[in-house]
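Asker:
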Amino acid sequence: MSEKVSFPVKDGSSATGAIVWPKQGGKAPAVVLIQEWWGLNDHIRSLLDRLAAAGFIALAPDLYHGKTTKDATEANRLMTELDKPHALEEIAGAVRFLSAHERSNGKVGIIGFCLGGALSLAAAATVPELAAVVPFYGVPSPAPDYSRVKAPILAHFASRDEWATPAAAEAIRKELAARGQSMDLHIYDADHAFANDTRPDVYNPDAAKLAWERSIAFLKQHLG
C-alpha cells in the first residue's frame, strides 16, 4: 500500500506523490514511476506495489496534483495542459529525494508509461542523477537534447502504435547510438498501452509480462 509523500522542488515549491517501501530491511535501490495520461490512479499505485515487491523504493509524483480521470478526452486535456518543464522539475525533485533518502542506496532509475514514457525520455536528458531509464510507448515533443543523456535506456514500444510510433523510437535509438549512448529498444506485436492490465481493449498479457521482466532485470542490473 502506498503512502503520501512530499518533497522539495528546485524552484522552492514542494511536490507530492505516492511512495511504497520494499519489505526487506537495509538500503535499497529506488525508482521514480511516471503516470499515464489518466493521472496517479489505482493502476499506477498497483505498479508501485509491484516495484516494491521486486525490492525497490518506488515513488510516483502526482503530476496532475490530485486529478485523475477515466475519460480519454479529459485525459488528453490534462496531458495537453500539463506544464511539462515544471513536471520535469518535480520529477528531478523526486529523483533527488530518493537519492538522498536514508533507505536508498543512492541509485535511482525512472520508469514511465504513455505520457510517463515520454517524460522518462525527457528526464533522461535533463536529470543527470538518473542511473537507468525505462520508457514505455512515449516520445517527448519537442525533443529534448539527447546528447545530454548519461544513463542507459531500455525502451518498450508497440508495433501498432500511431502515437509513439516504432519509427520514432528507432530514430531516437539511432541518434543515441551514433554518439555511443546506450538504448536497448524492444518492439512488441501489440497496441499502445499493452502493459495496462485495466484496459482489456489493448492489454497484451504476454508482451506485458516480457516487458516487465526485462524492465526489472534492467533496473536491478543498473541500480542494485
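The sequence shown begins at 1 in my numbering and counts up by one.
Note that CB positions come from ideal geometry on N, CA and C, so glycine has one too.
Quick check: the Cα distance between A169 and D71, rounded to an integer number of angstroms?
Answerer: Each residue's Cα considered, the two are about 27 angstroms apart.
Asker: State the CB to CB distance for the pair A132 and A151, rounded to an integer number of angstroms; the pair is presumed to be in contact (CB under 8 angstroms).
Answerer: Their Cβ separation, rounded to whole angstroms, is 6 angstroms, which keeps A132 and A151 in contact under 8 angstroms.
Asker: Look up L33 in the DSSP assignment and say whether it is helix, strand or coil.
Answerer: The answer is strand: DSSP assigns L33 an E or B state.
Asker: With the cut-off set at 7 angstroms, would you say V149 and A178 are in Cβ contact?
Answerer: The answer is no: Cβ separation not under 7 angstroms.
Asker: For R173 and Y188, what's the separation of their Cα atoms in angstroms?
Answerer: Roughly 16 angstroms between the two C-alpha positions.
Asker: If you draw a straight line from the alpha carbon of P128 to that of D201, how long is it in whole angstroms?
Answerer: The straight-line gap from Cα to Cα measures roughly 37 angstroms.
Asker: Since R103 contacts A28 with CB under 8 angstroms, what's their CB separation in whole angstroms?
Answerer: About 6 angstroms separates the two Cβ atoms, so the contact holds.
Asker: Can you check which of these residues, F113, L98 and L115, is closest to K107 by C-alpha distance?
Answerer: If we check each option's Cα against that of K107, L98 comes out closest.
Asker: Distance, Cα to Cα, T69 vs G224?
Answerer: Going from the Cα of T69 to the Cα of G224 covers about 35 angstroms.
Asker: Sort out for me which residues DSSP pairs K4 with in a bridge.
Answerer: According to DSSP, which records beta bridges pairwise, K4 is partnered with A18.
Asker: With which residues is I57 paired in a DSSP beta bridge?
Answerer: Partner(s): A30.
Asker: State the Cα-Cα distance for the pair P61 and H43, rounded to the nearest angstrom.
Answerer: Distance between the alpha carbons of P61 and H43 is about 14 angstroms.
Asker: Taking only the alpha-carbon atoms, compute the straight-line gap between H186 and V31 and give it to the nearest angstrom.
Answerer: Straight-line Cα distance between these residues: approximately 21 angstroms.
Asker: Specify the secondary structure class of D184 as computed by DSSP and reduced to three states.
Answerer: Looking at D184 - three-state DSSP - the assignment turns out to be strand.
Asker: With a 10 Å radius around its C-beta and 16 neighbouring C-beta atoms as the bar for buried, classify W212 as buried or exposed.
Answerer: The residue is buried, with at least 16 neighbouring Cβ atoms inside 10 Å.
Asker: Ends of the beta strand (DSSP E) at A155?
Answerer: Unbroken beta strand (DSSP E) run through A155: I153 to R160.
Asker: If the criterion is Cβ atoms closer than 7 angstroms, does the pair A18 and F7 meet it?
Answerer: The answer is no: Cβ separation not under 7 angstroms.
Asker: Could you check the C-alpha separation between F136 and A75 for me, to the nearest Å?
Answerer: Rounded to whole angstroms, F136 to A75 spans 18 angstroms at the Cα level.
Asker: For the putative contact between A167 and H192, defined by C-beta atoms under 8 angstroms, what is the C-beta separation to the nearest angstrom?
Answerer: Not really, about 14 angstroms apart at Cβ, beyond 8 angstroms.
Asker: State the DSSP-derived secondary structure class of K209, mapped to helix, strand or coil.
Answerer: In this structure, K209 counts as helix in the three-state DSSP scheme.
Asker: Measuring CA to CA, which of L115, D197, H86 and R214 is closest to G12?
Answerer: Residue H86 is the option with its Cα nearest to G12.
Asker: Considering only DSSP beta bridges, list what V9 is partnered with.
Answerer: Note: V9 sits in no beta bridge, so no partner.
Asker: Excluding the 5 residues preceding and the 5 following S159 in the sequence, name in chain order all residues of the same chain whose CB lies nearer than 8 angstroms to its CB.
Answerer: Here the set comprises P166, I187, Y188, D189 and A190.
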